[in-house]
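Here the working numbering runs 5 ahead of the position in the sequence shown, where the first position is 1. What follows is a short report on a single structure.
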Amino acid sequence: MNTPAAPGGTSRVAAPTRREQILREAARLFAERGFHGVGVDEIGAAVGISGPGLYRHFAGKDAMLAELLVGISERLLEGGRVRVEASAGDPATLLAALVDGHIDFALDDRPLITLHDRELDRLRHDDRHRVRQLQRQYVELWVATVRDLHPATPESEARAAVHAVFGLLNSTPHLGSGLPDRGATEALLRRLAHGAFGALGD
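Here is the structure:
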């Protein structure tokens with residue numbers, strides 16, 4: 006999708022909607038202090054509206070948490086499918102694109118990784134089932150790509166490698182201030198991920 010041109014011919018990124026602002030701040034606060042440690046008044050204050058004003062956008066904190074965790078699972082899967090289409094059947098190109106896309110997620114959405122680890126069980130059964138379903142589809146997309154690239158690798162080993170790489174990339178919330186700058190971190194994570202998958206060919 007094209008972004009509209011700003012004066013002077015530069016591209017302009019659309020400002021986040023109020024719902025997006027609320028979700029971003031809710032994710033940050035939930036990750037920092039836990040779901041039960043944050044009230045709607047605090048989320049509202051973070052975006053400049055009253056706590057009760059949040060109810061014009063969400064039914065409550067549970068609805069925010071569900072939208073955050075279901076939403077990121079949907080975006081990861083959709084992003085993966087877009088990369089499949091763009092790869093033109095080249096598994097090496099596809100795997101590189103999948104790794105880069107997940108690195109972007111791991112660096113840009115660290116609060117959501119923390120939320121998933123801590124709060125997934127708080128979702129209603131249907132929402133939790135939806136998250137798990139989306140995650141399985143995302144994993145299988147990666148497994149198929151790895152097996153296309155390393156056809157002699159048993160499926161169980163390819164799946165274990167995918168989960169191991171996810172664990173590696175999703176460790177970013179635990180690295181704290183030890184992260185180097187963005188470019189150096191991307192390069193490090195990329196080398197580590199491709200090194201892990203490359204070991205399947207040994």
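Cβ atoms here follow ideal geometry from the backbone N, Cα and C, with glycine treated the same way.
- Message: At 3 residues or longer, what runs of the beta strand (DSSP E) sit wholly inside the segment 24-76?
- Response: none
- Query: For Ile-27, which of Arg-38, Gly-44, Leu-99 and Met-69 has the nearest alpha-carbon?
  - Reply: Met-69
- Report yes if the C-beta distance between Gly-188 and Leu-146 is below 8 angstroms; otherwise report no. no
- Item | DSSP-derived helix/strand/coil call for Asp-114 | coil
- Task: With DSSP collapsed to three states, give me the class of His-130.
- Result: helix
- Message: Can you look up Asp-105 in the DSSP assignment and give me helix, strand or coil?
- Response: helix
- Assign Asp-95 to one of three DSSP states: helix, strand, or coil. coil
- Message: Quick check on DSSP: helix, strand or coil for Leu-154?
- Response: helix
- Item | Between the CA atoms of Leu-34 and Leu-82 - distance to the nearest angstrom | 25 angstroms
- Query: Given a threshold of 16 other Cβ atoms within 10 Å of its Cβ, counted over all protein chains shown, does Ser-16 qualify as buried or as exposed?
  - Reply: Its pLDDT being 39, under 50, Ser-16 is placed unreliably by the model, and the measurement read from it follows with that caveat. Result: exposed.
- Message: To the nearest angstrom, how far is the alpha carbon of Tyr-143 from that of Arg-129?
- Response: 21 angstroms
- What residues in its chain sit with their C-beta under 6 angstroms from that of Glu-191, if we drop five residues either side in the sequence? Ile-108
- Query: Between which two residues does the alpha helix (DSSP H) harbouring Ala-20 extend?
  - Reply: That residue, Ala-20, is in no alpha helix (DSSP H); it is neither H nor E in DSSP.
- Query: Is it buried or exposed for Arg-115, if we count other Cβ within 10 angstroms and need 16 for buried?
  - Reply: buried
- Item | Spatially closest choice to Ala-32 from Pro-185, Asp-113 and Ala-97, by CA coordinates | Asp-113
- 8 angstroms Cβ shell around Val-148 - same chain, five flanking residues per side excluded: Glu-160, Ala-163, Arg-164 and Val-167
- Since Leu-173 and Ala-204 are thought to touch, with beta carbons under 8 angstroms apart, how far apart are those beta carbons, to the nearest angstrom? In fact, because the Cβ distance is near 12 angstroms, the residues do not count as touching under 8 angstroms.
- Query: Would you call Thr-22 buried or exposed, if buried means 16 or more other Cβ atoms sit within 10 Å of its Cβ?
  - Reply: exposed
- Message: Can you tell me whether Ala-102 is buried or exposed? The criterion is at least 16 other CB atoms within 10 Å of its CB, across all chains shown.
- Response: buried
- Message: I'd like the span of the alpha helix (DSSP H) that includes Ser-161, first residue to last.
- Response: 160-174
- Item | Span of the alpha helix (DSSP H), counted from its first residue to its last, around Thr-190 | 187-203
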